[in-house]
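Chemist:
In our numbering, the protein residues as written are 261 to 678.
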């Protein structure tokens with residue numbers, strides 16, 4: 261329909277509906293100008309709208325390229341515009357006419373906006389990554405410095421905390437570790453100094469026995485030249501015993517120990533004014549067994565010095581190889597014996613709480629036995645056995661069992677007897 265208002269004609273859009281109101285049939289009619297309903301060319305910012313009826317006739321045009329009343333055609337022949345058509349269910353169509361120059365300008369503007377947005381996002385991401393890297397890298401560098409300080413033995417360098425709780429916790433642990441390493445190194449240096457001092461002291465102690473050995477050897481040759489055969493024999497035995505005992509603690513065979521024990525007994529028989537008998541019974545198959553040097557002499561010496569034996573004193577040394585592939589060494593005397601309290605004191609001589617001061621026994625009692633016990637414990641561990649059996653008036657028995665070992669063969673290989 262057309263509307264005439266203020267002397268102007270124009271196309272309108274209208275709608276009519278029937279309404280029932282209080283038993284009265286009414287009709288409602290609404291119309292509006294198309295120019296008021298659609299955007300004008302200025303509101304479209306360079307574009308325009310077309311209204312095409314169901315017959316394809318342009319009923320409204322905001323573009324000079326399309327006149328009202330003409331038949332609407334496609335975009336063929338319009339190279340300078342883009343046409344976007346939307347058709348309704350009543351057959352009418354709404355067509356947007358967009359100039360290509362405006363369309364391309366809009367596309368370029370949006371591309372520019374996306375580019376600026378992308379660059380801005382990239383810059384923000386780089387900045388965020390840099391901040392994150394700096395936040396993590398500084399603590400890691402601090403940790404690396406701590407590690408380098410340890411590798412370069414710079415244990416007194418001050419720790420610089422980062423302000424990050426987790427990393428500061430690790431740095432505190434590194435600081436504690438450096439302090440412990442510093443203490444351990446100081447302890448090792450002190451031990452090395454003490455070890456060096458002990459080595460020097462050991463060498464000094466070794467010089468004296470060697471000097472005595474050489475001196476006794478000179479005396480022996482002088483005695484032999486003067487014809488003093490008894491002195492020559494005694495000095496020769498003493499020299500051999502001294503030379504053997506210089507290597508105290510090193511390995512020897514039971515046969516070597518028995519030979520040294522024989523020299524010791526001969527010298528002691530000359531020294532004491534009472535007669536005592538030392539009887540040695542050794543299993544031949546046990547003579548090649550390895551044993552720490554200077555083991556038998558302290559056991560016999562303890563029986564001789566502290567056994568309170570009479571003129572008919574007898575010390576028996578019995579050495580056998582047992583079926584469980586161990587060597588059994590038994591030293592028995594018929595002296596005065598001792599009670600269990602004295603035995604316990606002797607076995608615990610190295611404990612500060614078990615000092616034998618104030619006892620009725622003579623000074624030095626049990627030192628040799630304690631040396632023997634600790635030596636075999638060090639050498640054989642739990643595979644060794646050591647005990648003392650004694651009763652007042654019935655003498656004392658010292659029993660020792662050690663694994664049977666020979667040169668080139670250990671106790672785990674089993675007995676080799678036929």
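We put the beta carbon where it would ideally sit given N, CA and C, even for glycine.
Which residues share a DSSP beta bridge with residue 342?
Modeler: Your numbering for residue 342 matches position 82 in the chain shown. Bridge partners of residue 342: 358.
Chemist: Helix, strand or coil, according to DSSP, for residue 347 in the structure here?
Modeler: For the purposes of this step, residue 347 is taken as residue 87 along the chain shown, with counting starting at 1. Correct three-state label for residue 347: strand.
Chemist: Determine whether the beta carbon atoms of residue 656 and residue 598 lie at a separation below 8 Å.
Modeler: Position 396 of the chain shown, counting from 1, holds the residue named residue 656. Position 338 of the chain shown, counting from 1, holds the residue named residue 598. Contact flag set, yes.
Chemist: To test your reading of the DSSP string, which unbroken alpha helix (DSSP H) runs of 4 or more residues are found completely within the segment 479-540?
Modeler: Qualifying alpha helix (DSSP H) stretches, in chain order: 489-506 and 514-531.
Chemist: Would you tell me roughly how many angstroms separate the C-alpha atoms of residue 497 and residue 521, rounded to the nearest one?
Modeler: Locating residue 497 in the chain shown gives position 237, where the first residue counts as 1. Locating residue 521 in the chain shown gives position 261, where the first residue counts as 1. Approximately 11 Å between the Cα atoms of the pair.
Chemist: So for residue 364, helix, strand or coil by DSSP?
Modeler: Taking the chain shown and counting its residues from 1, the one referred to as residue 364 is at position 104. Three-state DSSP puts residue 364 in a helix.
Chemist: Beta carbon of residue 658, beta carbon of residue 627: below 8 Å?
Modeler: As a first step, residue 658 is located in the chain shown; it is residue number 398 there, counting from the start. As a first step, residue 627 is located in the chain shown; it is residue number 367 there, counting from the start. Against a cut-off of 8 Å, the Cβ pair of residue 627 and residue 658 comes out as no contact.
Chemist: Are there 16 or more other CB atoms within 10 angstroms of the CB of residue 554, so buried, or fewer, so exposed?
Modeler: Against the chain shown, residue 554 aligns to sequence position 294. It counts as buried.
Chemist: Could you check where the alpha helix (DSSP H) with residue 573 kicks off and where it finishes?
Modeler: Taking the chain shown and counting its residues from 1, the one referred to as residue 573 is at position 313. Note, residue 573: premise wrong, no alpha helix (DSSP H); beta strand (DSSP E) at 573-581.
Chemist: With burial defined as no fewer than 16 other Cβ atoms inside 10 Å of the residue's Cβ, what is the status of residue 595: buried or exposed?
Modeler: Taking the first residue of the chain shown as 1, we reach residue 595 at position 335. Flag for residue 595 reads buried.
Chemist: Within the continuous beta strand (DSSP E) that includes residue 252, where are the two ends?
Modeler: With the chain represented from 261 up to 678, any question about residue 252 goes unanswered, as that position is not in the structure.
Chemist: My output table needs one value for residue 554: the three-state DSSP class, helix, strand or coil.
Modeler: Position 294 of the chain shown holds residue 554. Here residue 554 sits in coil by DSSP.
Chemist: Determine which residues share a DSSP beta bridge with residue 660 and list them.
Modeler: Translated into positions along the chain shown, residue 660 becomes position 400. According to DSSP, which records beta bridges pairwise, residue 660 is partnered with 589 and 646.
Chemist: Residues in its own chain within less than 6 Å of residue 350 by CB, not counting five upstream and five downstream?
Modeler: Along the chain shown, one-based indexing puts residue 350 at 90. So no residue of the chain qualifies.
Chemist: Tell me, please, whether the segment 323-333 touches the segment 355-373 by the rule of three or more beta-carbon pairs shorter than 8 Å.
Modeler: Yes, the segment 323-333 touches the segment 355-373.
Chemist: Rounded to a whole number of angstroms, what is the C-alpha to C-alpha distance between residue 423 and residue 373?
Modeler: Taking the chain shown and counting its residues from 1, the one referred to as residue 423 is at position 163. Taking the chain shown and counting its residues from 1, the one referred to as residue 373 is at position 113. If I take the Cα positions, the gap works out to 40 Å.
Chemist: Based on the DSSP output, what are the partners of residue 320 in its beta bridges?
Modeler: As a first step, residue 320 is located in the chain shown; it is residue number 60 there, counting from the start. Note: residue 320 sits in a beta bridge opposite 311.
Chemist: What's the gap between the Cα of residue 486 and the Cα of residue 527?
Modeler: Along the chain shown, one-based indexing puts residue 486 at 226. Along the chain shown, one-based indexing puts residue 527 at 267. Rounded to the nearest angstrom, the two C-alpha atoms are 21 Å apart.
Chemist: Put residue 549 into one of helix, strand or coil per three-state DSSP.
Modeler: As a working mapping, residue 549 is identified with position 289 in the chain shown. DSSP places residue 549 in coil when its eight states are reduced to three.
Chemist: Can the beta-carbon of residue 587 be found closer than 8 Å to that of residue 647?
Modeler: By 1-based counting over the chain shown, the position of residue 587 is 327. By 1-based counting over the chain shown, the position of residue 647 is 387. Not in contact: residue 587 and residue 647 (Cβ atoms no closer than 8 Å).
Chemist: Assign residue 341 to buried or exposed, taking buried as 16 or more other Cβ atoms, counted over all protein chains shown, within 10 Å of its Cβ.
Modeler: On the chain shown, position 81 is the one that residue 341 refers to. Buried.
Chemist: Using the Cα positions of residue 409 and residue 445, report the straight-line distance between them to the nearest angstrom.
Modeler: Taking the chain shown and counting its residues from 1, one reaches residue 409 at position 149. Taking the chain shown and counting its residues from 1, one reaches residue 445 at position 185. Roughly 15 Å separates the two Cα atoms.
Chemist: Which of the three DSSP states, helix, strand or coil, is assigned to residue 332?
Modeler: As a working note, residue 332 is residue 72 in the chain shown. The answer is coil: DSSP assigns residue 332 none of H, G, I, E or B.
Chemist: May I ask you to report which of helix, strand or coil DSSP gives residue 288?
Modeler: Looking up residue 288 in the chain shown gives position 28. Note: residue 288 maps to strand in three-state DSSP.
Chemist: Hey, residue 547 and residue 664: beta-carbon distance below 8 Å or not?
Modeler: For the purposes of this step, residue 547 is identified with residue 287 of the chain shown, where counting begins at 1. For the purposes of this step, residue 664 is identified with residue 404 of the chain shown, where counting begins at 1. Cβ atoms of residue 547 and residue 664: not closer than 8 Å.
Chemist: For residue 436, count the other beta carbons within 10 Å of its own beta carbon; 16 or more makes it buried, fewer makes it exposed. Which is it?
Modeler: Taking the chain shown and counting its residues from 1, the one referred to as residue 436 is at position 176. Answer is exposed; the Cβ neighbour count stays below 16.
Chemist: Excluding five sequence neighbours on each side, which residues of the same chain lie with their C-beta closer than 6 Å to the C-beta of residue 524?
Modeler: Here residue 524 corresponds to residue number 264 of the chain shown, with the count starting at 1. If we look at residue 524 and ignore the five residues flanking it on each side, its Cβ neighbours are 501 and 557.
Chemist: Between the beta-carbon of residue 322 and the beta-carbon of residue 362, is there less than 8 Å?
Modeler: On the chain shown, position 62 is the one that residue 322 refers to. On the chain shown, position 102 is the one that residue 362 refers to. Against a cut-off of 8 Å, the Cβ pair of residue 362 and residue 322 comes out as no contact.
Chemist: Looking at the structure shown, is residue 278 part of a helix, part of a strand, or coil, going by DSSP?
Modeler: As a first step, residue 278 must be located in the chain shown, where it is residue number 18. Three-state DSSP puts residue 278 in a strand.
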